[in-house]
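Trainee: Just so you know, the sequence shown maps onto residues -18 to -1, 1 to 418 in mature numbering (1 follows the signal peptide of the UniProt record, and there is no 0). What follows is a single structure, and I will ask about it in a moment.
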Amino acid sequence: MMVLRAVCFGLLVSEIGAIPALQPYASAPATAVLPSIASTSTATASSQLDQLASFALIVTTERVSNRTAQKRDGCTRNKLRVRRDWRTLSDPQRREFIDAILCLQQLPSQTPPDLAPGAKTRYDDFVATHINQTRQIHFTGTFLGWHRYFVAEFEQALRSECGYTGDYPYWNWPDDTENLEDSPIFDGSDTSFSGNGAPIPNQPPEFALTISGRPPIWLPTGSGGGCITDGPFKNYTLNLGPAGLALPGGEQASAPNPLDYNPRCLKRDLTSSILRQFSNATAVVELLLKNRIVYDFQTSMQGTPGSGGIGVHGGGHYSMGGDPGRDVFTSPGDPAFWVHHGMVDRVWWIWQSLDWGARWNAISGTGTFLNEPPSPNTTLETVVDIGFAGSGGPIAMREIMSTTAGRFAMCIFDFLLFFLSFFLSFFSWGDCCGLG
Ligand SMILES: [Cu+2]
């Protein structure tokens, strides 16, 4: 372990160069010093983010190395499940993930038709659940935990129903702030999530987000706007929604019943400027370092109402644009949702790991969107569920707060650096502690 730690910090020191300020963390390995202020230099902030993620990896490794924790959590180092940056996957690995999603889009829905008449495929089950619960899982105390569960159950469906064997990927937003069209996620290649939508001439330059009667936030439209034309999902049909789809020009579109069958193409309107403004490396590091209490962290991540911002979470969603990219309810209908929320989960994991003892179970907020209408506080005993999307059933928040404990003991580890993963490869990686 000491060797591991020494290697990690050796790497970090060589990576980060001069970090503006350093601060110790209470429950961290004694030798750790971390940045306390997000650098305004993109390159330095990216290194800071790598450093914070590497630190989280060390904290997690130490936790599962500890005999007491092993006994308590049932999660051991030889059962680790790894999450990876999409950029680090080989083409065949990317293709395996894409093919597993395409497979879910072929399997029949398990949602009863009277509940969601438009849910035709297994993939739609996830979209239907998100539409159904949107007001209870955004700007609520369950936001982070619910989406962690949702992503984990999606991963489990890919594995158990479509034979996926690879690692679950995430979209590292700061890498794509210059040009989304060139991103390995959106470049339209066979190993991407399909590309931009066909360009719409003379598209209105902005669209509006309106939250609970507050002044609208106007954001720019992008370089596409129409149906996607290439890549693995070009024949994919979006069956559900819309429900609160922000349209260029300021209008919103909602179907009378968003769970009815409404087949249409997937539209994208890639907007690098939105990602650059809200999900750049400085913004991610600032989110991680500035917010010491979970209420501030989760609210800032989603865009503090009245601030004019949309947070790193909103930055990823709205930079995809189109339909359902601009529809909070229907957003899982765009397959890139899953790598975006892989990153959301990763950022929460890093934040928790910065002070694990105090933060793994930190929970705040209520059960309704911005507490409108007022509802009881969310607690560790609050039960969440994901309807017919997953197989895990209702679960208490307490069970989904940790990546290495609880009923789901997901053991999410994060390899940022190829040579770090090479160094660690003497561990025998296997299926993690199991879901359910
Ligand atoms: Cu969501």
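We treat Cβ as the ideally placed atom computed from N, Cα and C, and that holds for glycine. Values in this document were obtained by computation on a predicted structure and should not be read as measured data.
For Ser301, which of helix, strand or coil comes out of DSSP?
Mentor: Ser301: helix per DSSP, three-state reduction.
Trainee: Taking all protein chains shown into account, decide if Ile345 is buried (16 or more other Cβ within 10 angstroms of its Cβ) or exposed.
Mentor: Label assigned to Ile345: buried.
Trainee: Is it the case that the CB of Ser313 approaches a heavy atom of ligand 1 more closely than 7 Å?
Mentor: It does: the Cβ of Ser313 is within 7 Å (strictly closer) of some heavy atom of ligand 1.
Trainee: Among residues of its own chain, excluding the 5 on either side of Thr348, which ones have a beta-carbon nearer than 8 Å to its beta-carbon?
Mentor: Result list for Thr348: Thr122, Gly123, Pro356, Ser357, Pro358, Asn359, Thr360, in chain order.
Trainee: For Arg196, tell me which candidate among Trp155, Gly291, Arg76, Ile210 has the shortest Cα-Cα distance.
Mentor: With distances taken between Cα atoms, Arg196 lies closest to Gly291.
Trainee: From the DSSP output, which residues share a beta bridge with Ala189?
Mentor: Just to set this straight, residue 189 is Phe in the shown sequence, not Ala. Beta-bridge pairing links Phe189 to Leu201, Pro230.
Trainee: The alpha helix (DSSP H) that contains Ile119, what's its start and end?
Mentor: Unbroken alpha helix (DSSP H) run through Ile119: 104 to 119.
Trainee: Measuring alpha carbon to alpha carbon, tell me which residue in Leu31, Arg77, Pro245, Ala180 is nearest Tyr150.
Mentor: Tyr150 has its Cα closest to that of Arg77, out of Leu31, Arg77, Pro245, Ala180.
Trainee: Return the first residue and the last residue of the alpha helix (DSSP H) that Val15 is part of.
Mentor: No alpha helix (DSSP H) contains Val15, which DSSP labels as neither H nor E.
Trainee: Going by alpha carbons, who is nearest to Asp67 out of Asn114, Val329, Thr22, Arg380?
Mentor: Among Asn114, Val329, Thr22, Arg380, the Cα nearest to that of Asp67 is on Val329.
Trainee: For a quick check, are the C-beta atoms of Gly127 and Met283 less than 8 Å apart?
Mentor: Going by C-beta atoms, Gly127 is not nearer than 8 Å to Met283.
Trainee: Can we say the region 156 to 170 touches the region 269 to 285, given the rule of at least three CB pairs closer than 8 Å?
Mentor: Touching, no.
Trainee: Less than 8 Å between the CB atoms is what I'm expecting for Ile182 and Gly207, so what's the real figure, rounded?
Mentor: With a Cβ gap of about 4 Å, Ile182 and Gly207 count as contacting.
Trainee: Can you give me the C-alpha to C-alpha distance between Glu44 and Ala38, rounded to a whole angstrom?
Mentor: Taking the straight line joining both Cα atoms gives about 10 Å.
Trainee: Which first and last residues belong to the beta strand (DSSP E) in which Gly375 is found?
Mentor: Here Gly375 belongs to no beta strand (DSSP E), and DSSP marks it neither H nor E.
Trainee: Report yes if the C-beta distance between Leu241 and Gly100 is below 8 Å; otherwise report no.
Mentor: Cβ atoms of Leu241 and Gly100: closer than 8 Å.
Trainee: Under 7 Å: does the beta carbon of Ile83 sit that close to some heavy atom of ligand 1?
Mentor: Flag unset: Cβ of Ile83 not near ligand 1.
Trainee: How about Ile119: is its Cβ closer than 7 Å to a heavy atom in ligand 1?
Mentor: Within the cutoff, so yes.
Trainee: To the nearest whole angstrom, what separates the beta carbons of Thr103 and Gln87, a pair I think is in contact under 8 Å?
Mentor: Contact flag correct, Cβ pair sits at about 5 Å.
Trainee: With a 10 Å radius around its C-beta and 16 neighbouring C-beta atoms as the bar for buried, classify Ser289 as buried or exposed.
Mentor: Classification for Ser289: exposed.
Trainee: In three-state terms, what does DSSP make of Asn353?
Mentor: In this structure, Asn353 counts as helix in the three-state DSSP scheme.
Trainee: Between His112 and ligand 1, is there a pair consisting of the residue's CB and a ligand heavy atom that are separated by less than 7 Å?
Mentor: It does: the Cβ of His112 is within 7 Å (strictly closer) of some heavy atom of ligand 1.
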